[in-house]
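Asks: Residue numbers (numbering that gives the first Met the number 0), protein chains in the order written: chain A, 0 to 180; chain B, 0 to 368. Cβ atoms here follow ideal geometry from the backbone N, Cα and C, with glycine treated the same way. A single structure is presented below for examination.
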Amino acid sequence: MAIKVVERRPLTLAERTYLPQILAGLKVTWDNMVRPSVTLQYPEERPTIPKNYRGVPTLVMDPNGREKCVSCQLCEFVCPPKAIRITPGEISENATNAHVEKAPKEFEINMLRCIYCGLCQEVCPEEAIFLQSQYSLTGLTRESMVNNKVKLYELGGTLPDGHHKWDKKKEEAEKQAGGGH
Amino acid sequence: MEKLLHDLVLSPEWYFTAARGLTLILIVMTLAGYSVLLERKASAWIQGRLGPNRTIHPLIGWIPFVGTFLAKGGFIQPAADGGKFLFKEDALPGHVRKFYYVLAPIIALAPALAVLVMLPFGEFLYEGKRYAISLTQGADVGVLFMFAISSLGVYGIALAGWSANSKFPFLGAVRGAAQLISYELAMGLSVLTVFLATSAPGQDHGLSLVAMVNAQSGAWNILTQPIAALVFLICVFAETNRHPFDMPESETDLVGGFHTEYGAFKFGIFFVAEYSHMIIGSTLFILMFLGGWHVLPWMPTVGEGWIGSLIGVATFFLKLCFFLFFFVWVRWTLPRFRYDQVMRIGWRVLLPIAVLNLLAYFAWYALRG
């Protein structure tokens, strides 16, 4: 292997006095000092959260205000730390969305267990569960760290939906019942 | 006004004497406290942070503009820090030599305050005579006294390191003592050129600091003796144990150096002592090289009468504030020297330079006649 000898030039007199270097260093720190500081005053100023941030998992509704979760329990099965617990329930016969048949009676996510992995969001066939921008979750008791269904919808709100899957199914069923083609 | 100023400075009445002493101690202690704040603020700015900006007392926090300003500037922080030190448990470790352990912080602080006796920081004219604004009218031995006493501060460090009975403080104390001895020589030699300049033949000022300042009413000594000024400045950094020469403390290799075993208010006293020494070192540099209370080179005073002397005092404190800032600025710029480098700089660089510089000035004054 060829050896490359690095030239080491002896220091000049000015360099050996340290003084020019010290002055240059003082200038560097001075420049830093007059630059505006980058501190974020946290509780008053909040950081901007990027769109794809994986915060606290939440349940969302579609733009019509229908809860999207059909309690298929896929998220419950896939959840690595077993943070999700779903009690499935039925939708009553005379509701407008009766054809969806199922909705969760209770939906609990234990935030003391949740590891924010996002598998629930990935696995959900209904696009009903999303990890959104909420990043600071605190509580004073263990119970308060378990998000129930009401809390989850409160956190999740409504997200735009391009599919309207169940509306289309309903239309189709009505068309077929009406003796379409 | 002139009469009052005169009384404040010169009157031998006991209450005026007490007022003078108290004022000076208050000023210096406040300055020391606020240079801690300056240290924290400037280091924060240099590192792109904000520094202490939340501390506020509820009683003043509600005042619309002032409250916010005080909080943002961190102006209550020194009081909060002091209060914290005061109310912390004053632990006395079982393995220390108790008497000396308690004595050490006192010995560290006392010389710094004692030196103030000789410190002149202004001058005024009264009935045709010039008086120094100082506790002792700028006695003739001013410089000698200041040098002699301010160096005693290292006894506090040595005693703290020894009495703590623990290896890191001990190493810090030994380093501190060695460093002080090394740099005291170069410091003294660099100052001799200033003595030469002020007590030239035909002048009877001797070693008075006031005379030194007045000899600089034209060019300041930093302009006529730049090398001596530089050597002295470096030595001041070393003597006050400031970066890049903070051998006794060097947190990274000696935990906390000589004050590793100290806590609560005793540590606070060490802290104040360090900053008081910075103040003393800065005032010495200002008085001997930077024209003291003279506003600009070749422009000793601005304004007449007591206004002029007040402007002079303000100038002095402005220079002092700049110097305190400079100490901080250097600290957050330069890394610490290694111990052997400190010794090499002291003995093999600064000492020869100081000697040669002194010889050169000797020769020059001799040839000039």
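Starting from ALA131/B, follow the beta strand (DSSP E) in both directions and report where the run begins and ends.
Replies: As a position in the second sequence, residue 131/B is number 132, starting the count at 1. Element bounds for ALA131/B: 128 to 131.
Asks: Please compile the residues from chain B whose C-beta is within a distance smaller than 7 angstroms of the C-beta of VAL37/A.
Replies: The sequence position of residue 37/A within the first sequence is 38, counting from 1. The contacting residues are GLY47.
Asks: Could you tell me whether any non-hydrogen atom of the ligand ATP is closer than 7 angstroms to the CB of ARG241/B?
Replies: The ligand content of the structure shown is nil, which means the ligand ATP is not present either.
Asks: If you count every other CB in all the chains shown that lies within 10 Å of the CB of MET186/B, and 16 or more means buried, which is it?
Replies: Counted from its first residue, the second sequence places residue 186/B at position 187. Buried, because 16 or more other Cβ atoms sit within 10 Å of the Cβ of MET186/B.
Asks: Listed from N- to C-terminal order along the chain, which residues in the segment 21 to 33 of chain A have their beta-carbon within a distance smaller than 7 angstroms of any beta-carbon of chain B?
Replies: For the segment 21 to 33 of chain A, which is checked against every Cβ of chain B, the residues closer than 7 angstroms are ILE21, GLY24, LEU25, THR28, ASN31 and MET32.
Asks: Mind listing which residues of the segment 329 to 352 of chain B have their C-beta closer than 8 angstroms to chain A's C-betas, in chain order?
Replies: For the segment 329 to 352 of chain B, which is checked against every Cβ of chain A, the residues closer than 8 angstroms are VAL329, TRP331, THR332 and LEU333.
Asks: Work out the CA separation of GLU44/A and MET145/B for me, nearest whole Å.
Replies: Locating residue 145/B in the second sequence gives position 146, where the first residue counts as 1. Locating residue 44/A in the first sequence gives position 45, where the first residue counts as 1. The straight-line gap from Cα to Cα measures roughly 51 angstroms.
Asks: Quick check on DSSP: helix, strand or coil for LYS3/A?
Replies: By 1-based counting over the first sequence, the position of residue 3/A is 4. Coil at LYS3/A, not helix or strand.
Asks: Are the beta-carbon atoms of ASN369/B and GLY73/B separated by less than 8 angstroms?
Replies: No answer is possible for residue 369/B: the residues shown for chain B start at 0 and end at 368.
Asks: Does ALA113/B get closer than 8 angstroms to chain A when you measure Cβ to Cβ?
Replies: As a first step, residue 113/B is located in the second sequence; it is residue number 114 there, counting from the start. False, the Cβ-Cβ gap to chain A never drops below 8 angstroms.
Asks: Using only alpha-carbon positions, find the residue among PRO11/B, GLY155/B and SER181/B that is nearest to ILE268/B.
Replies: To locate residue 268/B, count along the second sequence from 1; it is residue 269. Checking every option, the nearest Cα to that of ILE268/B belongs to GLY155/B.
Asks: Ordered along the chain, which non-local residues of its own chain (more than five positions away) have a Cβ less than 7 angstroms from that of LEU376/B?
Replies: Coverage of chain B is limited to positions 0 through 368, which leaves residue 376/B absent and any answer about it impossible.
Asks: Do ARG34/A and GLY50/B have their beta-carbon atoms positioned less than 8 angstroms apart in this structure?
Replies: As a working note, residue 50/B is residue 51 in the second sequence. As a working note, residue 34/A is residue 35 in the first sequence. Their beta carbons are not under 8 angstroms apart, which means GLY50/B does not touch ARG34/A by this criterion.
Asks: Would you verify that the beta carbon of TRP44/B is, or is not, closer than 8 angstroms to some beta carbon of chain D?
Replies: No chain D is part of this structure, whose protein chains are labelled A and B.
Asks: PHE324/B to PHE68/B, Cα distance in whole Å?
Replies: The residue given as residue 324/B occupies position 325 in the second sequence. The residue given as residue 68/B occupies position 69 in the second sequence. Rounded to whole angstroms, PHE324/B to PHE68/B spans 21 angstroms at the Cα level.
Asks: Considering only residues of the same chain and omitting the five flanking positions on each side of LEU253/B, which have a CB-CB separation below 6 angstroms?
Replies: Counted from its first residue, the second sequence places residue 253/B at position 254. Excluding sequence neighbours, LEU253/B sits near PHE167, LEU170 and GLY171.
Asks: Looking at C-alpha atoms only, which residue of THR22/B, ARG343/B and TYR182/B is the closest neighbour of ASN134/B?
Replies: Position 135 of the second sequence, counted from the first residue, corresponds to residue 134/B. For the sequence presented, residue 134/B should be read as Leu rather than Asn. Answer by Cα proximity: THR22/B.
Asks: Between the beta-carbon of ALA353/B and the beta-carbon of VAL230/B, is there less than 8 angstroms?
Replies: Counting from one through the second sequence, the residue named residue 353/B turns up at place 354. Counting from one through the second sequence, the residue named residue 230/B turns up at place 231. Cβ atoms of ALA353/B and VAL230/B: closer than 8 angstroms.
Asks: Going by C-alpha distance, which of VAL149/A, MET110/A and MET0/A is nearest GLY138/A?
Replies: To locate residue 138/A, count along the first sequence from 1; it is residue 139. GLY138/A has its Cα closest to that of MET110/A, out of VAL149/A, MET110/A and MET0/A.
Asks: List the residues of chain A whose Cβ lies closer than 8 angstroms to the Cβ of ALA41/B, in chain order.
Replies: Walking along the second sequence from the start, residue 41/B turns up at place 42. Per Cβ cutoff of 8 angstroms: MET32.
Asks: Just tell me which of LYS67/A, ASP160/A and PRO79/A has its CA closest to the CA of LYS104/A.
Replies: As a first step, residue 104/A must be located in the first sequence, where it is residue number 105. For the residues LYS67/A, ASP160/A and PRO79/A, the minimum Cα distance to LYS104/A belongs to LYS67/A.
Asks: Out of ALA131/B, LEU3/B and ALA107/B, state which residue places its alpha-carbon closest to the alpha-carbon of VAL116/B.
Replies: In the second sequence, counting from the first residue as 1, residue 116/B sits at position 117. Out of ALA131/B, LEU3/B and ALA107/B, ALA131/B has the C-alpha closest to the C-alpha of VAL116/B.
Asks: Looking only at its chain, what residues have a beta carbon closer than 7 angstroms to the beta carbon of ASP6/B, apart from the 5 residues adjacent to it on each side?
Replies: Within the second sequence, the letter at position 7 stands for residue 6/B. Correct list, in chain order: PHE15.
Asks: Can you name the residues that DSSP bridges to ILE90/A?
Replies: The sequence position of residue 90/A within the first sequence is 91, counting from 1. DSSP lists no partner for ILE90/A.
Asks: Does the segment 244 to 260 of chain B come close enough to the segment 326 to 338 of chain B that 3 or more CB-CB pairs lie under 8 angstroms?
Replies: Because the criterion of three Cβ pairs below 8 angstroms is met, the segment 326 to 338 of chain B and the segment 244 to 260 of chain B touch.
Asks: Throw me the rounded Cβ distance for the ILE148/B and ALA176/B pair, which I believe falls under 8 angstroms.
Replies: Here residue 148/B refers to the residue found at position 149 of the second sequence. Here residue 176/B refers to the residue found at position 177 of the second sequence. Not confirmed; about 17 angstroms, so no contact.
Asks: At the level of alpha carbons, what is the spacing between ARG53/A and LEU130/A?
Replies: The residue labelled residue 53/A in the question sits at position 54 within the first sequence. The residue labelled residue 130/A in the question sits at position 131 within the first sequence. Approximately 5 angstroms, taken between the alpha carbons.
Asks: Count Cβ pairs between the segment 66 to 81 of chain A and the segment 15 to 32 of chain A that sit closer than 8 angstroms; are there 3 or more?
Replies: Flag = no, the segment 66 to 81 of chain A and the segment 15 to 32 of chain A do not touch.
Asks: Following the continuous alpha helix (DSSP H) through ASN51/A, name the residue where it begins and the one where it ends.
Replies: The count along the first sequence starts at 1 and reaches residue 51/A at position 52. Per DSSP, ASN51/A belongs to no alpha helix (DSSP H) and is neither H nor E.
Asks: So ILE279/B and PHE322/B are in contact, right, with Cβ under 8 angstroms, and what is the actual spacing, rounded?
Replies: Locating residue 279/B in the second sequence gives position 280, counting from the first residue. Locating residue 322/B in the second sequence gives position 323, counting from the first residue. Between PHE322/B and ILE279/B the Cβ distance is about 11 angstroms, and since that is not below 8 angstroms, they are no contact.
Asks: What is the DSSP secondary structure of ASN146/A, counted as helix, strand or coil?
Replies: In the first sequence, counting from the first residue as 1, residue 146/A sits at position 147. Residue state, collapsed to three classes: strand.
Asks: Expressed to the nearest angstrom, what Euclidean distance is found between the alpha-carbon atoms of ARG343/B and LEU357/B?
Replies: Against the second sequence, residue 343/B aligns to sequence position 344. Against the second sequence, residue 357/B aligns to sequence position 358. When rounded, the distance between both Cα atoms is 20 angstroms.
Asks: If we ignore side chains and look at the alpha-carbon of each, how far apart do VAL142/B and LEU350/B end up?
Replies: For the purposes of this step, residue 142/B is taken as residue 143 along the second sequence, with counting starting at 1. For the purposes of this step, residue 350/B is taken as residue 351 along the second sequence, with counting starting at 1. Each residue's alpha carbon lies about 20 angstroms from the other.
Asks: Give the range of the alpha helix (DSSP H) segment to which LEU112/B is assigned.
Replies: Taking the first residue of the second sequence as position 1, residue 112/B is located at position 113. First-last of the alpha helix (DSSP H) with LEU112/B: 97 to 113.
Asks: Taking ALA70/B as the reference, which of PHE64/B, ILE55/B and GLU122/B has the closest Cα?
Replies: Indexing the second sequence from 1 puts residue 70/B at position 71. The residue with the shortest Cα to Cα distance from ALA70/B is ILE55/B.
Asks: On a CA-only basis, which of LEU195/B, SER34/B, LEU184/B and LEU232/B is nearest ALA365/B? Give me that one, please.
Replies: To locate residue 365/B, count along the second sequence from 1; it is residue 366. The option with the nearest alpha carbon to ALA365/B is LEU195/B.
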